[in-house]
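Below is one structure, written out as structure tokens, with a few remarks after it.
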Amino acid sequence: VADFMLMPTAEIRYMCMLCYCFYHGCKVFATTPKDAAPSYKIVSFIMACTGGGILVPIFLNGIPVPLANDALPICIIIGYALHHYFPVVREIVSQSKILTVTFIIMFETFRANV
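For the working numbering, count along the sequence shown from 1 and bump the result up by 700.
Below, the structure is given as structure tokens:
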């Protein structure tokens, strides 16, 4: 368990990062109206994924997370594409308790290590 939580390899980090973005998308797409414009959804999605990671490091004289981690914007694009083009994946995750718990664990693991 400690080997996973400490994210010693890049593969585990990218997996947790993708789950982080996907889980934010589950929250964003569940709250936005079905007839909302795709531009509204993608801006909401980007702000959900990077909101505190941009402002807090600037206030603390640090590097914002999207600039410090080049893979995060790629994961944001992949997460948005999954939600936009394959909404059935979001429905499967919301109906499966095991997948939901797995995504939450990966979400919190990545969030704790940023």
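Where is the CB? At the ideal position from N, CA and C, for every residue including glycine.
Small disclaimer: the values here were computed from a predicted structure and weren't measured.
Run through DSSP, which three-state label would residue i get?
{"i": "A702", "result": "helix"}
{"i": "A781", "result": "helix"}
What first and last residue would you give for the alpha helix (DSSP H) that runs through residue i?
{"i": "I804", "result": "K797 to A812"}
{"i": "M717", "result": "A710 to T731"}
Tell whether a beta-carbon distance below 7 angstroms holds between residue i and residue j.
{"i": "H783", "j": "F704", "result": "no"}
{"i": "F786", "j": "M717", "result": "no"}
{"i": "M715", "j": "N813", "result": "no"}
{"i": "M772", "j": "P766", "result": "With the sequence shown as reference, residue 772 is identified as Leu, and Met is not the correct amino acid for it. Yes, the Cβ-Cβ distance between L772 and P766 is below 7 angstroms."}
Select from the options the residue whose C-alpha is nearest the C-alpha of residue i.
{"i": "M806", "options": "Y720, L772 and F745", "result": "Y720"}
{"i": "G751", "options": "V788, T809 and H724", "result": "H724"}
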